[in-house]
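Report on the following structure.
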Amino acid sequence: MIETAYRISEREDIDYLKDFQEDIPSINQHEVLIKIYAISLNYCDDEIIKVGDKVIRFKKGDRVISNIDPTHLYGPSRSWSYSLDGPVDGMLTQYKALLYTDLIKIPNHLSYEQTASLLRTGTKTWNALLGNNQLLSGQTVLFQGTGSVSLTGLMLVKAAGCTRIIISDDDEKLKQFKDKYGVDYKINKKKEPN
């Protein structure tokens with residue numbers, strides 16, 4: 011069987027993103043073959059369609075998401091050499107063979123699309139705020155905009171005991187973030203440009 015995979019041949023520009031027709035990967039006894047249903051520029055979500063003989067914990071049909079870097083399970087990142095968003099072929103493809111130990115089951119209440127954005131946003135935000143240079147309780151953090159990175163960051167820095175400020179040009183979103191997420195300060199950048 012043939013699949014379409016996308017690759018960037020040069021890391022200069024999006025114009026280098028090209029599609030390729032290639033064989034669907036075969037698996038070894040410790041791997042699973044996943045079908046990719048949703049991706050975002052953040053990440054992707056998958057369903058297992060084939061299971062190797064030695065695979066435990068997973069079965070055909072399980073909804074899963076893969077670990078971005080199987081060598082980085084906790085703490086500060088030391089290297090990106092094995093990261094699916096680094097030098098290893100990523101997930102912009104229809105099928106992918108992965109070790110079953112690199113997979114996490116998706117909770118039933120989350121869609122593929124929700125999980126695709128959640129994992130990448132959460133890990134990148136955590137690494138930026140609490141990774142190698144951790145925030146300290148009492149520090150102040152400013153978030154620009156009301157997207158998923160800001161929302162995730164607001165929750166993380168609240169747990170860290172930091173003061174949270176959010177900037178947007180949308181009063182309705184600012185009110186929502188104040189009421190729902192308890193932002194300490196909100197600034198409308200159009201009304202208060204300085």
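Each residue of the sequence shown is one higher than the one before, starting from 11 at the first, in the working numbering.
All residues carry an ideal CB built from backbone N, CA and C; glycine is no exception.
When you measure from the CB of residue i to every non-hydrogen atom of the ligand MG, does any distance come out below 8 Å?
i: I114; result: Because no ligand of any kind appears in the structure shown, any question about the ligand MG cannot be addressed here.
Looking at the secondary structure, which residues open and close the alpha helix (DSSP H) in which residue i lies?
i: L161; result: 158 to 169
Under 9 Å between the Cβ atoms of residue i and residue j?
i: F68; j: Y122; result: no
i: V74; j: L129; result: no
i: R174; j: V193; result: yes
i: T103; j: I46; result: yes
i: G62; j: Q31; result: no
i: S36; j: Y26; result: no
i: I49; j: Y105; result: no
i: A107; j: E13; result: no
i: G163; j: S178; result: no
i: L161; j: Y195; result: no
i: I44; j: D56; result: yes
i: K115; j: D72; result: yes
i: N198; j: D181; result: yes
Please state whether DSSP places residue i in a helix, a strand or coil.
i: T173; result: strand
i: F187; result: helix
i: S76; result: strand
i: E123; result: helix
i: D25; result: helix
i: T135; result: helix
i: D181; result: helix
i: L152; result: strand
Going by DSSP, what residue range makes up the beta strand (DSSP E) through residue i?
i: Y110; result: Counting along the chain, Y110 falls outside any beta strand (DSSP E), and DSSP gives it neither H nor E.
i: L43; result: 41 to 49
i: L145; result: Note, L145: premise wrong, no beta strand (DSSP E); not H, not E.
i: T14; result: 12 to 18
i: I197; result: 195 to 198
Should residue i be flagged as near chain B, meaning a C-beta pair shorter than 9 Å?
i: T14; result: Absent from the structure is chain B; it holds one protein chain and no more.
Three or more C-beta pairs closer than 8 Å, one from the stretch 161 to 174 and one from the stretch 137 to 144: is that the case here? yes
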